[in-house]
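Chemist:
Protein chains in written order, with this note's numbering: chain A, 298 to 574; chain B, 12 to 268.
Encoded structure:
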């Protein structure tokens, strides 16, 4: 069996990671829901501006607790799609539901293209900003602990402007974990980082978000292959979803994994051919 | 004392000395009579002999300016909030705001003195009229330009609109508010002094007008000097406070120097 890169937990062959298999230390911040994170059901979604159709007829079932990557070129409507799922925009048609039939809005965490740290708050205040916005008592100890998990415990009182791009993105991950929600949506959160920092932050995200239902959108085939249990390609004008591609084995995958390299090359070719000449 | 603080204090002093020397040379060489251009020495003497009058006049003008600044800033901020968050208010308030700026405050001054009297009130109203527009304009601009990503994030965290205003929109608009307040501070004394010219019984503008009538040009210069010092110190104070409050806002002056 190939040894996954930097994987220090157990390696379930199925790729379905249940929380019981993870070391206790990694369960911090993930409460009981994680073992039963709800899936997402995207039904017949369409988005139109006037007569221009961005995408239509999107159907996708995302199984609870899986990491799904949606891959597409720039301008294909990826960001619009994730905003609709996050409840930040309305679709022209169709709907997004949770697989357990309960409402979605309180159960989604969102990571944007930028780190979206508020520059007037220091790092730990940024991690706890959800409590402040909801007028709840901030859990400082938990926030400090989560900062420790992303390797920023020492920088808790620094301002975001004093951090590097990689550190800022790690602080954003800590903020997402603080929200402690079963579904996590990510809109190209690592695209601004250099490739080595990106690889490290991807590892961290895959490790810390395990057990949650994650949907990441990206234009980077390598990122897609490293992080996704399942990949879906969004392409065309108007855009449609391709058939889901399953890559076996636990995530994050090593960047020199043979299957990953093969799949990355394949996706690169498909996406390049899909681009209008 | 470090080199930077030394040069920060030293540079204005050097500038002042050079200006004084040029002034003295001009009076000495040209031989212009002192009732047109008094010598620096005679102005210094006037500063000393009239110190009581100048001090009390400064207190009056400063009070008018600071009160105008406070009222104008509060009023300007509320106007900004109203036009940003209520389209109805924007439709009704915006023409009024523009009208208030279209009429020169110099033209309004006699009317304001007639309505609010020779006392401090008419000068405060004048200062408010001059300064509230820059505050409203920059603050509303700042409130409108909140990063959409910041608002999206707050919305996914189930923030109420009031909480988003308090914790995201207001802090994000503070740098813009700060630039409006700096402009307002610089021009607030104009409102106060114009009011004093039209009709007053105290203040630096009143002193200047009286001295002018009696051809005491040296006293006029002394009052002008005190007025300039007051305006500069007020601006520096406001700038310092703003820098402290906006410690997080990117300041690229260091990169330019």
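All C-beta atoms in this analysis are idealised placements derived from N, C-alpha and C, irrespective of residue type, glycine included.
For the structure I just gave you, are there three or more beta carbon pairs, one from the segment 108 to 118 of chain B and one from the segment 159 to 179 of chain B, closer than 8 Å?
Modeler: These segments do not touch.
Chemist: Does any residue of chain B bring its CB to less than 8 Å from the CB of residue 405 of chain A?
Modeler: Residue 405 of chain A counts as touching chain B.
Chemist: Starting from the beta carbon of residue 411 of chain A, find every residue of chain B whose beta carbon is closer than 7 Å, and list them in chain order.
Modeler: What residue 411 of chain A touches in chain B: 160.
Chemist: For the beta strand (DSSP E) that contains residue 391 of chain A, what are its first and last residues?
Modeler: Unbroken beta strand (DSSP E) run through residue 391 of chain A: 390 to 395.
Chemist: Mind pulling the chain A residues with CB within less than 7 Å of residue 187 of chain B?
Modeler: Those within 7 Å of residue 187 of chain B in chain A number zero; the least Cβ separation is about 13 Å.
Chemist: Report, in whole angstroms, the separation of the C-beta atoms of residue 480 of chain A and residue 501 of chain A, which I expect to be a contact under 8 Å.
Modeler: Going by Cβ atoms, the distance from residue 480 of chain A to residue 501 of chain A rounds to 19 Å, so no, they are not a contact pair.
Chemist: May I have the straight-line CA-CA distance separating residue 523 of chain A from residue 194 of chain B, to the nearest angstrom?
Modeler: When rounded, the distance between both Cα atoms is 53 Å.
Chemist: Is the beta carbon of residue 183 of chain B less than 8 Å from the beta carbon of residue 158 of chain B?
Modeler: Yes, the Cβ-Cβ distance between residue 183 of chain B and residue 158 of chain B is below 8 Å.
Chemist: Alpha carbon to alpha carbon, how far is residue 216 of chain B from residue 35 of chain B?
Modeler: Those two C-alpha atoms are separated by around 25 Å.
Chemist: Establish whether the CB of residue 427 of chain A and some CB of chain B are separated by less than 8 Å.
Modeler: Yes - at least one Cβ of chain B is within 8 Å of the one on residue 427 of chain A.
Chemist: Would you mind working out which of B:46, B:51 and B:109 sits nearest residue 225 of chain B, comparing C-alpha positions?
Modeler: With distances taken between Cα atoms, residue 225 of chain B lies closest to B:46.
Chemist: Could you work out which residues of chain B lie near residue 476 of chain A, taking near to mean beta carbons separated by less than 8 Å?
Modeler: By Cβ distance, chain B contributes 168.
Chemist: Using a C-beta cutoff of 8 Å, does residue 88 of chain B count as contacting chain A?
Modeler: It does not; no Cβ of chain A falls within 8 Å.
Chemist: Determine which residues share a DSSP beta bridge with residue 338 of chain A and list them.
Modeler: Residue 338 of chain A pairs with A:358 and A:394.
Chemist: Using beta-carbon positions only, say whether residue 245 of chain B and residue 219 of chain B come within less than 8 Å of one another.
Modeler: Their beta carbons are not under 8 Å apart, which means residue 245 of chain B does not touch residue 219 of chain B by this criterion.
Chemist: Three or more C-beta pairs closer than 8 Å, one from the segment 137 to 155 of chain B and one from the segment 82 to 92 of chain B: is that the case here?
Modeler: In short, these stretches touch, since the Cβ pair count reaches three.
Chemist: Quick check: is the beta carbon of residue 184 of chain B nearer than 8 Å to any beta carbon in chain A?
Modeler: No, its Cβ sits nowhere closer than 8 Å to a Cβ of chain A.
Chemist: So, is residue 40 of chain B buried or exposed, given that buried needs 16 or more other C-beta atoms within 10 angstroms?
Modeler: Residue 40 of chain B is exposed by the Cβ-count criterion.
Chemist: With residue 407 of chain A as the anchor, note down where its alpha helix (DSSP H) starts and where it stops.
Modeler: Here residue 407 of chain A belongs to no alpha helix (DSSP H); instead the beta strand (DSSP E) covers 405 to 408.
Chemist: At which residue ranges does the segment 418 to 496 of chain A contain complete beta strand (DSSP E) runs of 3 or more residues, listed in the order of the chain?
Modeler: Counting only runs of 3 or more, we get 480 to 484.
Chemist: Can you check which of these residues, A:545, A:398 and A:565, is closest to residue 556 of chain A by C-alpha distance?
Modeler: Of A:545, A:398 and A:565, the residue nearest in Cα terms is A:545.
Chemist: If you draw a straight line from the alpha carbon of residue 416 of chain A to that of residue 196 of chain B, how long is it in whole angstroms?
Modeler: C-alpha separation (whole angstroms): 26 Å.
Chemist: Is residue 577 of chain A near residue 547 of chain A, with beta carbons less than 8 Å apart?
Modeler: This structure cannot settle anything about residue 577 of chain A, because the visible part of chain A is limited to 298 through 574.
Chemist: If you scan the segment 138 to 208 of chain B from start to end, which runs of the alpha helix (DSSP H) of 4 or more residues do you find wholly inside it?
Modeler: Complete alpha helix (DSSP H) runs here, min 4: 159 to 167 and 172 to 175.
Chemist: So residue 371 of chain A contacts chain B; which residues on that side make the cut at Cβ distance below 7 Å?
Modeler: Those within 7 Å of residue 371 of chain A in chain B number zero; the least Cβ separation is about 17 Å.
Chemist: Checking contacts by CB at 8 Å: is residue 456 of chain A closer than that to chain B?
Modeler: So yes, residue 456 of chain A belongs to the interface.
Chemist: Closest Cβ-Cβ distance between residue 385 of chain A and chain B: below 8 Å?
Modeler: Yes, contact with chain B.
Chemist: By the three-class DSSP mapping on this structure, what secondary structure does residue 257 of chain B have?
Modeler: Three-state DSSP puts residue 257 of chain B in coil, outside helix and strand.
Chemist: Could you confirm whether any beta carbon from chain A is found closer than 8 Å to the beta carbon of residue 174 of chain B?
Modeler: With 8 Å as the cut-off, residue 174 of chain B counts as an interface residue toward chain A.
Chemist: Please name the residue in A:463, A:386 and A:371 whose C-alpha comes closest to that of residue 344 of chain A.
Modeler: Comparing Cα-Cα distances from residue 344 of chain A to each of A:463, A:386 and A:371, the minimum goes to A:386.
Chemist: Measuring alpha carbon to alpha carbon, tell me which residue in B:71, B:20 and B:173 is nearest residue 211 of chain B.
Modeler: Taking only the C-alpha atoms, the option nearest residue 211 of chain B is B:71.
Chemist: Assuming contact is defined by CB atoms lying nearer than 8 Å, are residue 457 of chain A and residue 414 of chain A in contact in what I supplied?
Modeler: Cβ distance < 8 Å, so residue 457 of chain A and residue 414 of chain A count as in contact.
Chemist: Hey, would you say residue 379 of chain A sits closer than 8 Å to residue 393 of chain A, going by beta carbons?
Modeler: No. Outside cutoff.
Chemist: Based on DSSP bridge pairs, tell me the residues matched to residue 377 of chain A.
Modeler: DSSP, once it has assigned bridges, lists no residue as partnering residue 377 of chain A.
Chemist: Using only CA atoms, which one of A:558, A:570 and A:514 lies nearest to residue 375 of chain A?
Modeler: Of the candidates A:558, A:570 and A:514, the one whose C-alpha sits nearest the C-alpha of residue 375 of chain A is A:514.
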